[in-house]
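The sequence shown begins at 2 in our numbering and counts up one residue at a time. See structure below.
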Amino acid sequence: MTLSLKKRPKLLVGDYTVWAIFFTLCFISVIEVYSAGSYLTIKENSYFSPLFKQICYLGLAAITASVVQFIHFRYLSYLAIGGGVISIILLFFTLFGGQNINNGARWISIGGISFQPSELNKLCLIIYATAFTANAQKPDGTTRKISFLVLAPTFLSFGIIATQNLSTALMLVVSVFSILFIGNVPWRNFLKSLAYFSIGAVALLGAFWLYWGPNSTMTQRFTTWGSRLETRDERPQDPRDFVITDKNRQVTHAHIAFARSGVIG
C-alpha cells in the first residue's frame with residue numbers, strides 16, 4: 002500500500018536571486034533607519050518607534066510579495082494599468098493638495114497613512130512597460146509602436162513628478178528606457194525616442210517656468226535646483242574659516258563623505 006503525499010506549496014517561489022536581493026534591501030533599510038535614529042527620535046519622541054515602524058512596514062511588504070508571487074503575470078499587467086491611472090490622479094491631487102516638504106509637494110495622507118503617489122506610479126509604469134515590451138516581441142525585434150505606447154504614459158508621469166521631485170522623475174525615465182533597451186527595441190527607433198523625449202522634457206519644463214513663474218506650486222522646486230548649482234562652488238579662501246552650523250550640518254557632512262569616499266566608496 003502506497004501513500005500519496007501532497008506537496009506543500011513553497012513559501013517562496015520564483016527566482017531565489019530576486020528574493021535574496023529583496024531581503025538584502027530590507028536589511029539595508031533597517032540599518033538606514035537605525036542610522037537616522039537621532040533625527041527620528043527627536044521627531045517622534047521615541048527611540049524604538051521609528052525602527053519598529055520600519056520593521057512592521059517590511060513585514061507587510063514581505064507578506065504582500067508572498068501573495069503577489071502567486072498571481073499570474075497577465076493579471077498583474079492589468080492591475081498595473083488600473084494602478085497607473087489611479088496614481089496619475091493621485092499625483093495631480095498631491096500637486097495641488099499634498100503635504101509640502103522642502104518646497105516639494107510629494108506626500109498625501111489617506112486613512113492616516115502617508116505615502117508618495119510617485120512611488121506607486123513608478124511601480125505601475127515599470128510593470129506596464131515590462132509587460133508591454135514582452136508582448137510586443139517579434140523575431141526581428143519589437144513593433145515600432147512600442148516606443149510610443151510606453152513613452153506616452155512615461156512622459157505624462159515625468160511631467161507631473163519632475164516639477165516636485167526631479168531625481169525620482171529621472172530615475173523613472175532611465176528605468177523605462179533601460180527596459181526598452183533590454184527589450185530589443187531597434188536602435189534607430191530607440192535613439193529617436195530618446196532624442197524626442199529629451200527635447201520634449203526640456204520644452205515642457207521650460208513652458209511650466211514661462212507660464213507659471215517662480216512662485217507657483219508647479220515651479221517652486223526650480224529655484225531650489227538653481228540655488229544648488231549656484232552654491233556648489235562656494236567655498237571660503239581658507240577651509241579652516243568654514244563654520245559648520247545646524248543649518249548646513251547635513252549637507253556639509255554629505256560633502257565630506259563624497260570627498261573622502263575614494264573610488265569604491
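Heads up, the beta-carbon is just placed ideally off N, CA and C, and yes, glycines get one too.
Please report the distance separating the alpha-carbon of residue i from that of residue j.
i    : j    : result
G160 : S199 : 12 Å
S67  : A130 : 23 Å
L6   : I82  : Reliability of the predicted coordinates at L6 is poor, the pLDDT of 46 falling under 50, and the value obtained from them is presented with this limitation in mind. Each residue's alpha carbon lies about 41 Å from the other.
S50  : S30  : 15 Å
F178 : N46  : 43 Å
L1   : P154 : With the chain represented from 2 up to 266, any question about residue 1 goes unanswered, as that position is not in the structure.
L77  : I128 : 8 Å
L124 : L91  : 14 Å
G85  : L173 : 13 Å
I245 : I32  : 26 Å
L4   : K139 : Its pLDDT being 46, under 50, L4 is placed unreliably in this model, and the coordinates cannot settle the point.
I147 : A137 : 7 Å
Y197 : L171 : 15 Å
A260 : H254 : 10 Å
L195 : W188 : 10 Å
K248 : H256 : 14 Å
A1   : R250 : Given that the chain is displayed from residue 2 to residue 266, the structure contains no residue 1 and the question cannot be resolved.
Taking 7 Å as the line, does the beta carbon of residue i fall inside it for any heavy atom of the ligand FAD?
i   : result
P51 : Absence of the ligand FAD from the depicted structure is noted, as is the absence of any ligand whatsoever, leaving it without description.
Find the nearest neighbour of residue i within the set the options, judged by alpha-carbon distance.
i    : options                : result
F24  : V34, A62, S50          : A62
F74  : N185, A258, A255, F133 : F133
F149 : V186, F116, L173       : V186
L152 : F182, L167, F243, T164 : F182
S115 : L80, I89, Y58          : Y58
So residue i and residue j are supposed to be a Cβ contact under 8 Å. How far apart are they, rounded?
i    : j    : result
N122 : S158 : 5 Å
S119 : I162 : 5 Å
F209 : T169 : About 17 Å separates the two Cβ atoms, so there is no contact after all.
L167 : R107 : Contact flag wrong, Cβ pair sits at about 12 Å.
Keeping to the same chain, check which residues put their C-beta closer than 7 Å to that of residue i; ignore five residues upstream and five downstream.
i    : result
Q279 : Any question about residue 279 goes unanswered here, given that the chain covers just 2 to 266.
F94  : I109
G201 : F156
What does a CB cutoff of less than 6 Å around residue i pick up in its chain, not counting 5 residues either side in sequence?
i    : result
T65  : none
M2   : The pLDDT assigned to M2 is 43, lower than 50, so where the model puts this residue is not dependable, and the model offers no usable value.
L205 : G160
Excluding sequence positions up to five away, which residues of its chain have a Cβ less than 8 Å from the Cβ of residue i?
i   : result
V34 : L41, P51, L52, Q55
**Prompt:** Mind pulling the alpha helix (DSSP H) runs of 4 or more residues that sit fully within the stretch 79-163?
**Reply:** 118-136, 147-162
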